[in-house]
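Before any comments, here is the structure.
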Amino acid sequence: MGKSAMPQDPQVINLNKVLASQERVLLSESLDSSNFKSRYERARIRANFDYARSLLLTVSSTKKLPKDDIQRKRDLVKRLQARLNELDHLYAQEDEEECESCDEEEHEPTKAGIIQEPEGMRQRGQGGSSAIQPTATTTSSNRYSQAFPRSKSSATRENEESDWALKSRESKISSHDRERAELQTSLLNLAVQLKQSARGFGASIEQEKGTLNAAILGLDKSVGGMEGAGGKMDSLRRETEGVGWWRRMRLYVEVGGLWLLAVLLVFVFPKLRF
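All residue numbers for the sequence shown refer to full-length UniProt numbering, where the first residue is 1 and numbers rise by one.
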């Protein structure tokens, strides 16, 4: 049951130990059910079971174990719960009968003392008050000596029950405190992560903003260059189209003359010797 758990997690280790102990105590095949006749033993087992269930809730909420392992532990907790309910139902009637018998035994010494006192008076006859007084004193002392240990055991039982209830409440409160502390820690970590991610997102936006500004400047320069080239093309078009036929013919003659001069410079002038 502890193979899939993380060994460095104390909550998972405690959960595995408590569940293994509860399974050994409640679900063993060689279990002697007479060991659970004591209500204090059942209360102790119940407190351990509540602690194991609170640990399981904590571990399942923090997702420290795989889902299949958590499901197996939940099934085991259900079986333990059913077994505890069965034991409580089995011995609840015996506990009530035991309490009733204890109450009847506490009242019996008083009745016996009342019945024995006239017998002592009949045996002694008219022996005087000095003979009657020891009998009454002995009877009352016996009555209180018999009643006092039972009242003491009853008080001890009540104290033990209150101690078990207090320990159970303390374990539940401590488990709730641990769950609340873990929840607060997880929320704080989540807030820190969100803050860090927001800062990183803002920094990335700033970097992209600088790149975008540079791209915008480049586009502006390109647009300006294209506008300048467009203006030059317009001026050239106006020069070539707006001068008329005679101006165009002069331009052709100039181009032809320059072409002829270039041919002479390349092919004719090198052959001339002065």
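Even for Gly, the Cβ is constructed at its ideal location relative to N, Cα and C.
Determine the direct distance from the alpha carbon of residue j to that of residue i, and round the result to whole angstroms.
| i | j | result |
| --- | --- | --- |
| Leu188 | Glu86 | 44 Å |
| Phe267 | Leu260 | 11 Å |
| Pro118 | Ala92 | Any reading at Pro118 must be qualified, since the residue scores a pLDDT of 44, below 50, and its modelled position is unreliable; no value is offered. |
| Ala214 | Ala198 | 24 Å |
| Ala262 | Leu219 | 43 Å |
| Gln193 | Asp68 | 29 Å |
| Ser21 | Ala52 | 10 Å |
| Val223 | Glu208 | 22 Å |
| Val25 | Glu182 | 31 Å |
| Lys195 | Thr211 | 25 Å |
| Ala229 | Arg238 | 14 Å |
| Met226 | Pro270 | 45 Å |
| Leu251 | Leu236 | 13 Å |
| Ile205 | Ala191 | 21 Å |
| Trp245 | Lys232 | 22 Å |
| Ala165 | Ala82 | 21 Å |
Under 8 Å by Cβ, that's how I've got residue i and residue j pegged, so tell me the actual separation to the nearest angstrom.
| i | j | result |
| --- | --- | --- |
| Val18 | Asn48 | 6 Å |
| Leu15 | Arg79 | In fact, because the Cβ distance is near 16 Å, the residues do not count as touching under 8 Å. |
| Ile70 | Ser54 | Not quite, the Cβ-Cβ distance comes to about 14 Å (not below 8 Å), so this is no contact. |
| Asp50 | Lys167 | Incorrect: roughly 10 Å between the Cβ atoms, too far for contact. |
| Arg178 | Thr58 | 6 Å |
| Glu23 | Leu76 | 6 Å |
Between the Cα of residue i and the Cα atoms of the options, which residue gives the shortest distance?
| i | options | result |
| --- | --- | --- |
| Arg44 | Glu160, Phe269 and Leu265 | Glu160 |
| Leu90 | Arg24, Arg39 and Asp9 | Arg39 |
| Arg46 | Met249, Asp88, Leu190 and Arg180 | Asp88 |
| Ser175 | Arg24, Leu236, Leu56 and Asp9 | Leu56 |
Tell me whether residue i is buried or exposed, calling it buried when 16 or more other Cβ atoms sit within 10 Å of its Cβ.
| i | result |
| --- | --- |
| Leu258 | exposed |
| Leu265 | exposed |
| Lys73 | buried |
| Leu65 | buried |
| Phe201 | exposed |
| Arg42 | buried |
| Phe36 | buried |
| Gly256 | exposed |
What are the boundary residues of the alpha helix (DSSP H) that residue i is part of?
| i | result |
| --- | --- |
| Pro10 | Pro10 to Leu26 |
| Phe269 | Here Phe269 belongs to no alpha helix (DSSP H), and DSSP marks it neither H nor E. |
| Phe49 | Arg39 to Thr62 |
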